[in-house]
Ligand code: S5P
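In full-length UniProt numbering, the protein residues as written are 2 to 276.
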């Protein structure tokens, strides 16, 4: 696609959704395509990791429902860090229900995700109504949605026509759907012609990224930043355990790992835009 050789900064103008614009602007300004996934269960550790990786990331991805001592002051502190370090917030909620239910899950409950998360995501499995449901809450707030059109895990069912239909669903809701959680571009999954039109500059955010190991004991599969950004044409690398590792208390080590992934991701991107 022609977007592969555009800079993140040039691509801002391809978007009208505020969350998509914000993310691309941050990537251009901070020179990073790294998102860190902070999958820890204690507020103190969660905030310490985010403060440590903040300078190196465009985006922080959360699973707030795994935090044991959650309360709303945590959200305030997360928002303060997002201003301090200039990163966007992505609650990885993976909505998967009917429109009415997801609208309630997105706006209400303990976490009130729509009120603080710039970006969230959904499985396309229920069909287009999941987008209308989430959009009724998120669009007026300037939020953006990613569809999970593929997954990183061994044996994932999100392949073939499922992935193609996810892209078609997204194209019909271009105001709210800003891109995909996926492993490759639309061309990479074999879409061509009418299915890939020039103004469809979807963002591709890719988990399953690691430099040291190929997977975990529970089906996760890792590729390198170079494979993801340069060879597969994705835009953002999402890294969790590769950065905070087995000891989330070691701030200096976490900072060094974040820098290492940021550099690898940016180098792959520079090679891509100049190819
Ligand atoms: O296909 C996917 C989609 C997602 S959002 N595979 C994934 O691993 N994820 C998420 O990315 C997952 O929920 C986790 O939060 C993160 C990967 O973490 P890591 O520690 O394996 O890098």
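From the three backbone atoms N, C-alpha and C, an ideal C-beta is built for every residue, glycine too. For clarity, every value in this text was computed on a predicted model and none was experimentally measured.
Under the rule that a run must span 4 or more residues, the alpha helix (DSSP H) segments found entirely inside the stretch 40 to 106 read 44 to 54 and 73 to 86. Within the stretch 105 to 155, the complete alpha helix (DSSP H) runs of at least 4 residues fall at 130 to 139. The shortest C-alpha to C-alpha distance from residue 139 to any of 210, 154 and 107 is the one to 107. By the criterion of a C-beta distance shorter than 7 Å, residue 80 is surrounded in its chain by 117, once the five residues flanking it on both sides are discounted. Shortest gap from the CB of residue 182 to any heavy atom of ligand 1: under 7 Å.
By the Cβ-count criterion, residue 179 is buried, with 16 or more other Cβ atoms from all chains shown falling within 10 Å of its own Cβ.
Less than 8 Å divides the Cβ of residue 147 from the Cβ of residue 181. A Cβ-Cβ contact shorter than 8 Å links residue 15 with residue 202.
Residue 151 sits buried, since 16 or more C-beta atoms from the chains shown fall within 10 Å of its C-beta.
Taken in chain order, the complete alpha helix (DSSP H) segments of 4 or more residues contained in the stretch 194 to 245 are 242 to 245. Only residues of its own chain outside the window of five on either side were considered, and among them 210, 211, 212 and 265 have a CB closer than 8 Å to the CB of residue 225, listed in chain order. Here the alpha carbon of residue 186 sits roughly 16 Å from the alpha carbon of residue 12. Contact annotation, residue 170 with residue 132: C-beta distance approximately 7 Å; criterion of less than 8 Å satisfied.
A contact between stretches requires three or more CB pairs, one per stretch, nearer than 8 Å, and the stretch 251 to 258 fails this requirement with the stretch 231 to 239. In this structure, residue 115 lies away from residue 82, with their beta-carbon atoms at least 8 Å apart. In this model, residue 222 and residue 32 are separated by some 26 Å (Cα to Cα). For residue 53, the closest alpha carbon among the candidates 160, 104 and 245 is that of 245. Taken atom to atom, the span from the alpha-carbon of residue 130 to that of residue 166 is near 14 Å. Looking at the backbone, the Cα of residue 24 and that of residue 88 are separated by about 8 Å.
Looking at the backbone, the Cα of residue 45 and that of residue 162 are separated by about 43 Å.
Listed in chain order, the non-local C-beta contacts of residue 220 below 8 Å within the same chain comprise 154, 155 and 156, local neighbours out to five positions each way being set aside. The nearest non-hydrogen atom of ligand 1 is less than 7 Å from the C-beta of residue 149. The three-state reading of DSSP puts residue 35 in strand, counting E and B together. A direct Cα-Cα distance of roughly 31 Å separates residue 125 from residue 55. Annotation for residue 60: 24, 36, 88, 89, 91 and 237 place their beta carbon closer than 7 Å to its own, counting only its chain and skipping 5 residues before and after.
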